[in-house]
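Counting in this note's numbering, the sequence shown runs from 116 upward without gaps.
Using N, Cα and C, we set each Cβ at its ideal position, and we do this for glycine too.
Source: prediction; values computed, not measured.
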Amino acid sequence: MIAEVRHSERGQLFCHRFQTDQLQVISGSLDLIVLQDRRLRCIHLREDEPIWLRIPPGVPHGAINRSSRPAVVVNAVLRHGASDPRDYQPRAVPRALAQMWSDLQAA
């Protein structure tokens, strides 16, 4: 799947129950925020430093494109069962992570 991520100062968290996302930015750049070891982590993805990033099922994540230029992302999705409509609805940021989320949004 190929997706275009437009400029946004605010990201949203998503969590897929039966899907592994495998992402690579092929044009532009974006910040991917993932919940890892009970902390939010910001991973910078750029076209001039191509890497494949794997997000397993059950890991909350979101993207922020701080650039005025759209980012183009390839997602080699691996499905592990039927998709759930809730997987594509934004999730609330846990209260314990609210300040960290706010700081990452402002970075």
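- For the region 151 to 204, the full-length beta strand (DSSP E) segments reaching 3 residues or more read 154 to 161, 168 to 170, 176 to 179, 186 to 190 along the chain.
- If you draw a 10 Å sphere on the C-beta of G196, you find fewer than 16 other C-beta atoms in it, and that means exposed.
- For the options Q137, P200, G143, M116, the alpha carbon positioned closest to that of R184 is the one of G143.
- In this structure, the alpha-carbon of P205 lies about 19 Å from that of R181.
- The Cβ neighbour count for I117, taken over all protein chains shown within 10 Å, is under 16; the residue is labelled exposed.
- According to DSSP, residue pairing for L145 in a beta bridge involves L160.
- By the Cβ-count criterion, A191 is exposed, with fewer than 16 other Cβ atoms from all chains shown falling within 10 Å of its own Cβ.
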